[in-house]
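Student: Below is the structure I would like to discuss, written out as structure tokens.
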Amino acid sequence: MIKRIVLVGQPNVGKSTLFNTISDSRATTANFPGTTNEILRKKFNIFGTDFDLVDLPGSYSLNPSDVSESITIKYLISEKIDLIINVIDSSQLARGLELTVELAELGLPMLICLNLIDECAKQGIRIDEEKLSEYFGCPVVSTSALFGKGIKKLVDTAYDLLQISSPALKILNYSYNTEKYVTDLEKKLANVTFETNGNKRFFAIKAIENPNLLSPEILNKLSEEKKIIQEEIQKIHRTDSYEVLSSERHHLAMKICEKISVVGKSRRQPGIDKFDTFLLKPPTSYFFLGLFFVIYFLFIFYVGNLLSSLADAPLNYLSDTILTRIENQSFWWHTANGALMGLKGLVGIVLPYFLPLVFLTSLLEETGYLSRVAFLTDGLFHLVGLHGKSVVSFILGFGCSIPALYSTRMLENKRDRLIAGILIPFIPCSARIAVIFALAAAFTGPIWAAIVFIYVIIIIGIIGKILSRILSNPTGLILEIPNLRLPSPKASIRKTYYKLAEFFKDTTLFLMLGSITLGWIEYLNVSAYINMIFSPIIKYVLGLPEQLGSTLVYGFLRKELILVMITQAMGKSSIAELPLSANQIIVFVIFVTLYFPCFTTFIVVMREFKLKTAVLSALLSITIATVSAFLFKILI
Amino acid sequence: MNLIDAAPEKKLKVRNISSESDFKKRLITIGIHKDDFLIKINQSKFGPVLIRNLSSGAAKLALGRGVAVKIIVEYD
Ligand SMILES: Nc1nc2c(ncn2[C@@H]2O[C@H](COP(=O)(O)OP(=O)(O)O)[C@@H](O)[C@H]2O)c(=O)[nH]1
Ligand SMILES: [Mg+2]
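Line order of the protein sequences matches chains A and B.
Following the numbering used here, the numbering of the first sequence begins with 370 at its first residue and continues without gaps.
Following the numbering used here, the numbering of the second sequence begins with 89 at its first residue and continues without gaps.
Dropping the structure here:
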């Protein structure tokens, strides 16, 4: 039986980074991509033994208040787990320990990982690992996942721990009264056998604070006592039992934190808080917000453009060299041509725009400015019936719709989720941004790229407004604003590398196969039929060349393919040579940006919501794309 | 008084969270408890309220107005 190690921690403590770093430093023997739900799994090897490594969605506590937290607690209770690695953001120790206390109650073998230790050191905080280890009766390892520090020790410690049959965790006692309730209930459970994880103490505690987590069988057993205790608590504390227990944990965590950490002199710049005030308070905040958007888009536009033109010559040379050696227009010529077109698209177009986008986003994320953007735009989002937290999903959406859709799980409310889920596919993702920028760069200049963006945002606003009218009742925003910090280019480069590697891993194959298939379609001469099917819209409504119809099919697979396919479909070797007027380009760009984002998005919407939602949103987007493109055609 | 009415830059103590349990849970898990000390950073007529929780961690928290109304505080 392969032993399973599970990473558990609050959101943003570096679990996923750790997950990648551990599996990078070890031979991974198998990959289980996270397609079913957000749980990621990898099989890797320590000293000749295979282990399963699992990355669970971030969770503030084991009392779920949103979808991803329910996934985590369900997994922890019902799956076979051999070791929990509790990942903590060591620069926010007190809060992290609240979850640790709960995990200790669960009673599974555990190892504490104090991550982001570099950030902690920057703030001048020193944590006594040994004392912490004594409190919980489990090993503690400090790491800096992003820089690969402490990983070896972490893995070694985990390995050692897995050799011991049942490491004893210490029980942390609550205040006198509460402790008495818990032990009373625990006794009641003495002769109940559990088929799930979690010891009797854990279930006794949950019976008081969150009975929803218990099986009906246990609940039956405890129903009377539970009620008495809850009533008693209500009488003494004048509040519900959930609040009492969680504040017990809160105080416990704070006490431990005080005892084990020493706060020295912060190495943070003293002026930084002052600067933060400028970023957060009007009128300066709006100035910086505006500046942010301008810099963001100009940077991507110009750097992307530059990189793209640099890549052109070598790519053309490569393709000329190869194609002259194959019999012109033969089956293999078309295959090679298709593959080369794919490569050109990937290296010559997608990568140049992706690179600055991902790098800049990482850099900004690192500084903490991204959540300030969410805060500042909250008011704006209220206009469309959402709140600032969805801004995070929306910003992610500029990267890729898929993670953005996943991130809607953070939204506690079903209604907010649904609205966000329908709106997100309309946000131009980086693939579409690449299309917009590349075509605009070749034909119309950055102004039109900006106009397209603004138009899309207006469209999103209108749809959101309508949806929120239909669905009513927005909920409130609760958003963390992390400390402002200087970005580390080194960290951002690493992150960019990870994100690009991940992207190319699951895109390259798709893209190459798509391009080769188009090569074949050309060889077989069937694109004429595809073009015919689309011609009612493409030719008659939008006034574009019929040949563009087949590119839309590829766009449905992946939008960035359009850039490659558009040149191929029109029989030109570069975008600049396309026989299209600036007006036609704009109409085409509008249509491409708005019609359904991609096949994968469709699947994800379907899975995260319902088939009905996915179909509805597809129809909606096709309608809006057609109407919008037509409007642009007659107005410009 | 509630958090919206409180003056900025003053030390506040959380007296109560007046809300149904699901919502309260959310606040508690994100780190606002009864008896915590807060400082309100901004005072805007619309848009979210920005606070810093002095009792746990140094990170700032943005709370929508609908959320802030439900947090009952007193001057310390
Ligand atoms: N400085 C620093 N940043 C880190 C470290 N580990 C993770 N991060 C960053 O913290 C952020 C959250 O990390 P992520 O792995 O997504 O956290 P998760 O939500 O727990 O999976 C990312 O921007 C990481 O690059 C670390 O050890 N040091
Ligand atoms: Mg993660």
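Heads up, the beta-carbon is just placed ideally off N, CA and C, and yes, glycines get one too.
Note that the structure is a prediction, hence the values are computed from the model and not measured.
Residues in the same chain with beta-carbon distance under 6 Å from Gly888 of chain A, minus the five sequence neighbours each way, listed in chain order, please.
Tutor: His703, Thr704, Asn706, Gly707
Student: My assumption, with CB atoms under 8 Å, is that Ile470 of chain A sits in contact with Leu541 of chain A. Please give the rounded CB distance.
Tutor: First, the amino acid is wrong: residue 470 of chain A is Val here, not Ile. Confirmed, Cβ separation roughly 6 Å.
Student: Put Asn406 of chain A into one of helix, strand or coil per three-state DSSP.
Tutor: Its pLDDT being 46, under 50, Asn406 of chain A is placed unreliably in this model, and the value from its coordinates should be taken loosely. DSSP places Asn406 of chain A in coil when its eight states are reduced to three.
Student: Any heavy atom of ligand 1 within a distance shorter than 7 Å of the CB on Gly378 of chain A?
Tutor: yes
Student: Which ranges would you report for the beta strand (DSSP E) in the region 611-643 of chain A if only whole runs of at least 3 residues count?
Tutor: 630-632
Student: What separation, rounded to the nearest whole angstrom, lies between the Cα atoms of Thr693 of chain A and Val984 of chain A?
Tutor: 46 Å
Student: Output yes if chain A places a C-beta closer than 8 Å to the C-beta of Pro136 of chain B; else output no.
Tutor: yes
Student: Taking only beta-carbon positions, decide if Lys650 of chain A is within less than 8 Å of chain B.
Tutor: yes
Student: Could you check the C-alpha separation between Ile454 of chain A and Met479 of chain A for me, to the nearest Å?
Tutor: 6 Å
Student: In the DSSP assignment, what are the bridge partners of Asn90 of chain B?
Tutor: Its beta-bridge partners are B:Ile160.
Student: Give a yes or no on whether the minimum CB-CB distance between Val155 of chain B and chain A is below 8 Å.
Tutor: yes
Student: With respect to the beta strand (DSSP E) encompassing Asn104 of chain B, which residues constitute its N-terminal and C-terminal limits?
Tutor: 99-105
Student: According to DSSP, Lys518 of chain A sits in a beta bridge with which residue or residues?
Tutor: Note: Lys518 of chain A sits in a beta bridge opposite A:Ser513.
Student: State yes or no: is the C-beta of Asn852 of chain A nearer than 7 Å to some heavy atom of ligand 1?
Tutor: no
Student: Alpha carbon to alpha carbon, what distance is there between Ser385 of chain A and Asn406 of chain A?
Tutor: At Asn406 of chain A the pLDDT is 46, less than 50, meaning the model places this residue with poor confidence; the figure from the coordinates comes in the next sentence. Distance between Asn406 of chain A and Ser385 of chain A, taken at the CA atoms: about 15 Å.
Student: Can you say whether Arg153 of chain B is buried or exposed, counting buried as having 16 or more other CB atoms within 10 angstroms of its CB?
Tutor: buried
Student: Indicate whether at least one CB of chain B lies closer than 8 Å to the CB of Pro402 of chain A.
Tutor: Low confidence applies here, because Pro402 of chain A scores a pLDDT of 40, under 50, leaving its location unreliable; read the following figure in that light. No - not a single Cβ of chain B is within 8 Å of the one on Pro402 of chain A.
Student: I need the straight-line Cα distance from Leu512 of chain A to Ser986 of chain A, nearest angstrom please.
Tutor: For the sequence presented, residue 512 of chain A should be read as Thr rather than Leu. About 44 Å.
Student: Do Ile105 of chain B and Lys148 of chain B come within 8 Å of each other at the CB atom, strictly closer than that value?
Tutor: no
Student: If Lys1011 of chain A and Gly754 of chain A are in contact, beta carbons under 8 Å, what's the gap, nearest whole angstrom?
Tutor: What is shown of chain A runs 370 to 1005, which leaves residue 1011 of chain A out entirely.
Student: Check whether the Cβ of Ser342 of chain A lies closer than 7 Å to any heavy atom of ligand 1, and answer yes or no.
Tutor: Past the edges of chain A, shown from 370 to 1005, lies residue 342 of chain A, and the structure says nothing about it.
Student: State yes or no: is the C-beta of Lys864 of chain A nearer than 7 Å to some heavy atom of ligand 1?
Tutor: yes
Student: Closer than 7 Å between beta carbons: that is the criterion. Which residues of the region 431-463 of chain A meet it against chain B?
Tutor: Asn432, Ser434, Gln461, Ala463
Student: For the beta strand (DSSP E) that Asp458 of chain A lies in, which residues bound it at each end?
Tutor: 452-458 is the span of the beta strand (DSSP E), which, as asked, contains Asp458 of chain A.
Student: Name the DSSP bridge partner or partners of Glu849 of chain A?
Tutor: B:Leu149
Student: Within its chain, find whatever has a CB closer than 8 Å to the CB of Ile793 of chain A; leave out the 5 residues flanking it on each side and keep chain order.
Tutor: Ser762, Phe763, Gly766, Ser770, Ala773, Leu774, Thr777
Student: Taking Cβ-Cβ distances shorter than 7 Å, what residues in chain B pair up with Asn484 of chain A?
Tutor: The contacting residues do not exist; Asn484 of chain A stays about 15 Å from chain B at best.
Student: Helix, strand or coil, according to DSSP, for Phe750 of chain A in the structure here?
Tutor: helix
Student: Relative to chain B, which residues along the region 651-679 of chain A have a C-beta separation below 9 Å, given in chain order?
Tutor: Under the 9 Å Cβ criterion, the region 651-679 of chain A contributes Pro651.
Student: CA-CA distance, Glu600 of chain A and Ala156 of chain B?
Tutor: 28 Å
Student: If the cut-off is 9 Å on Cβ atoms, which residues from the region 851-862 of chain A count as contacting chain B, listed in chain order?
Tutor: Answer set for the region 851-862 of chain A: Pro851, Asn852.
Student: What number of angstroms, rounded off, separates the C-alpha of Thr1012 of chain A from the C-alpha of Leu882 of chain A?
Tutor: Coverage of chain A is limited to positions 370 through 1005, which leaves residue 1012 of chain A absent and any answer about it impossible.
Student: Tell me whether Asn141 of chain B sits in a helix, a strand or coil according to DSSP, three-state version.
Tutor: strand
Student: Taking the alpha carbon of Asp1058 of chain A as the reference point, which residue from A:Leu989, A:Ala810, A:Ser678, A:Leu846 has its own alpha carbon closest?
Tutor: Past the boundaries of the shown model lies residue 1058 of chain A; chain A is included only from 370 to 1005, so the question cannot be answered.
Student: When Cβ atoms are compared, which residues of the region 729-750 of chain A fall closer than 7 Å to chain B?
Tutor: Phe744, Asp747, Gly748
Student: Please report the straight-line C-alpha distance between Gln916 of chain A and Thr865 of chain A, rounded to a whole angstrom.
Tutor: 36 Å
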